[in-house]
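Using the working numbering, you'd call the opening residue of the sequence shown number 23 and step up by one each time. Glycine included, each C-beta is placed from N, C-alpha and C at the ideal position.
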Amino acid sequence: MNHSEKIKRNEFLKNLGIKGAALLAVYCTGASLSSCQNESAITPDATGELLSIDLTSSAASPLKTVGGYIRQNNVVLARVSTTEYVAVTQTCSHEGRKEIMFTNNQFYCTAHGAVFNKAGVGQNSNGRAGIKVFKVSISGNMLTVTN
Ligand code: FES
């Protein structure tokens with residue numbers, strides 16, 4: 023895609039009300055842009071907030087169970103214990119595919135099998151570059167993920 027096409031696409035996406043990380047997520051889908059290879063592709067909004075979710079909402083229902091997770095705004099948010107949540111980027115450090123999930127108490131990329139522990143440290147060859155772990159804070163029922 024050349025520069026003017028990118029601008030046109032940007033305008034189009036803006037008209038749809040898509041911005042920030044979500045916009046980048048659209049750009050990165052199926053793209054081979056080098057900027058999509060890692061978490062630097064994520065641009066937080068002015069507050070640095072990547073995701074904010076009400077833990078009592080239906081969207082957050084997978085988080086009621088230890089081992090459950092959700093994916094939103096290029097963030098994978100997992101409930102790793104009764105008291106702890108961990109958030110990482112959905113974009114794999116191996117080849118930039120947005121296929122990170124949480125399973126067996128670790129983060130896993132379904133593309134080529136990269137595995138990362140809860141601290142973001144790679145556990146096998148494809149995961150050797152590690153994965154970005156975000157900050158998680160909870161206030162009342164609101165959970166917020168920041169860069
Ligand atoms: S892109 Fe995730 S393992 Fe290859």
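Strictly by DSSP, which residues pair up with Q145?
Beta-bridge analysis with DSSP links Q145 to no other residue.
Is the region 124-139 close to the region 147-154, with three or more CB pairs under 8 Å?
yes
Kindly examine the ligand FES and report whether one of its heavy atoms sits closer than 8 Å to the Cβ of R93.
no
Identify which residue in F124, N126, H116 and G142 has its Cα closest to the Cα of A133.
A133 has its Cα closest to that of H116, out of F124, N126, H116 and G142.
Using DSSP with H/G/I as helix, E/B as strand and the rest coil, what is L45?
Any reading at L45 is ruled out, since the residue's pLDDT is 40, under 50, leaving its predicted position unreliable.
Could you tell me whether any non-hydrogen atom of the ligand FES is closer than 8 Å to the CB of N139?
No.
Using a Cβ-based criterion (distance less than 8 Å to any ligand heavy atom), does R119 qualify as near the ligand FES?
The answer is yes for R119.
Where S18 falls: helix, strand or coil (DSSP):
This structure does not reach residue 18, given that the chain is present from 23 up to 169, and the question cannot be answered.
Determine the closest residue to Q128 out of G70, K120 and V108, with distance taken between C-alpha atoms.
The residue with the shortest Cα to Cα distance from Q128 is V108.
On a Cα-Cα basis, can you pick out the residue from M123, T104 and V102 that is closest to Q112?
The option with the nearest alpha carbon to Q112 is M123.
R93 to N126, Cα distance in whole Å?
17 Å
By how many angstroms is the C-alpha of A82 removed from the C-alpha of M164?
10 Å
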